[in-house]
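Numbering-wise (this note's numbering), the sequence shown opens with residue -3 and increments by one. What follows is a short report on a single structure.
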Amino acid sequence: CDPGGWTNYSGSEMADARIPEQYLTDKRILRLTDSERSSFFMALVWSISNRTDGRIERGDLPLIPTFAPAAIPGLVRWECWVVDGADAWRIADYARWQTTRSEFEVLDNARRRDREKKARQRAKAKESPGGQSPGNVPGDMTGKARQGQARQETGKENDEVEADPTTGEIADWATRVPGEPDSWMETEPGRWEPVGSKGAA
-3 CDPGGWTNYS GSEMADARIP EQYLTDKRIL RLTDSERSSF FMALVWSISN
47 RTDGRIERGD LPLIPTFAPA AIPGLVRWEC WVVDGADAWR IADYARWQTT
97 RSEFEVLDNA RRRDREKKAR QRAKAKESPG GQSPGNVPGD MTGKARQGQA
147 RQETGKENDE VEADPTTGEI ADWATRVPGE PDSWMETEPG RWEPVGSKGA
197 A
């Protein structure tokens, strides 16, 4: 357990500290020494990382990287920190510029719900059929019939012909050129004669 009873949120979504442009002209920040200013910003980042809502307890000080305890009197003097009990301080205007603990919890819950929703959607997708269209399912004669019907409606393929199975007479070609015979008949093996002609009287 972390000092002060606060939970370490290092495993949660990354949180960023906001350094508002007002700090460039804020007299409280400008009056700090380099060491005090560095300690102020490091404490700010540490507080956000641990979601303490800007509250810094004395037991937290050793945990803040490069923090100089000697900076505390200056931070309090220039009202960058406010005394909050016997052994604690609070970063001034923290909630004005930074995301609070309760706001983080709302965001975490929203992300969790979104992850769970996507997980359910993926699981449901795995349970659904492969998504083949009816005409492509193996053994689906209905689909094949529809495909054949479509060919009849749009015209036969260029390499398709229709022939009488008993006489061998070619009854129809997939495509015809004006003036070509209506059909052909095999008069003897290997010899074909035209039968009729388009445009003939």
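The beta carbon of each residue, even a glycine, is placed where N, CA and C say it ideally should be.
### Distance, R187 Cα to K152 Cα
Summary for K152: the model assigns pLDDT 46, below 50, so the residue's position carries little reliability, and this model does not support an answer.
### Message
DSSP three-state label for E75, please.
### Response
E75 falls in the coil class under three-state DSSP.
### Task
Rounded to whole angstroms, what's the CA-CA distance from R116 to D104? Just pull it up for me.
18 angstroms
### Query
Among the residues of its own chain, which have a CB less than 7 angstroms from the CB of R27, if the five just before and after it don't count?
For R27, where only same-chain residues beyond five positions count, the Cβ hits under 7 angstroms are W74.
### Residue nearest to R14 in terms of C-alpha spacing, selected from D89, R51 and W85
D89
### Query
Based on the DSSP output, what are the partners of R190 in its beta bridges?
Note on residue identity: the sequence assigns Pro, not Arg, to residue 190. Answer is W180, bridged to P190.
### Query
Going straight from the alpha carbon of W77 to that of I87, what length do you get?
5 angstroms
### Message
Less than 7 angstroms between C-beta atoms, sequence neighbours within five positions excluded: which residues of the same chain meet that for A67?
### Response
S31, E32 and S35
### Message
If you follow the alpha helix (DSSP H) that A91 is in, where does it begin and where does it stop?
### Response
Y90 to W93
### Task
Since I believe R51 is in contact with A84 (beta carbons under 8 angstroms), could you give me their beta-carbon distance rounded to a whole number of angstroms?
6 angstroms
### Query
Is DSSP giving I68 helix, strand or coil here?
helix
### Query
Using the C-alpha atoms, what's the distance from V72 back to D56?
17 angstroms
### Query
Leaving out five residues before and five after I60 in sequence, what residues of the same chain have Cβ atoms less than 6 angstroms from its Cβ?
M38, A39 and W42
### Message
Please tell me whether T96 and D49 are closer than 7 angstroms, where the distance is taken between their beta carbons.
### Response
yes
### Task
Please go through the same chain and pick out, in chain order, the residues whose beta-carbon is closer than 6 angstroms to the beta-carbon of R54, but skip the five residues on each side of it.
Leaving aside the five residues that flank R54 on each side, the residues in its chain whose CB is nearer than 6 angstroms to its CB run, in chain order, D83.
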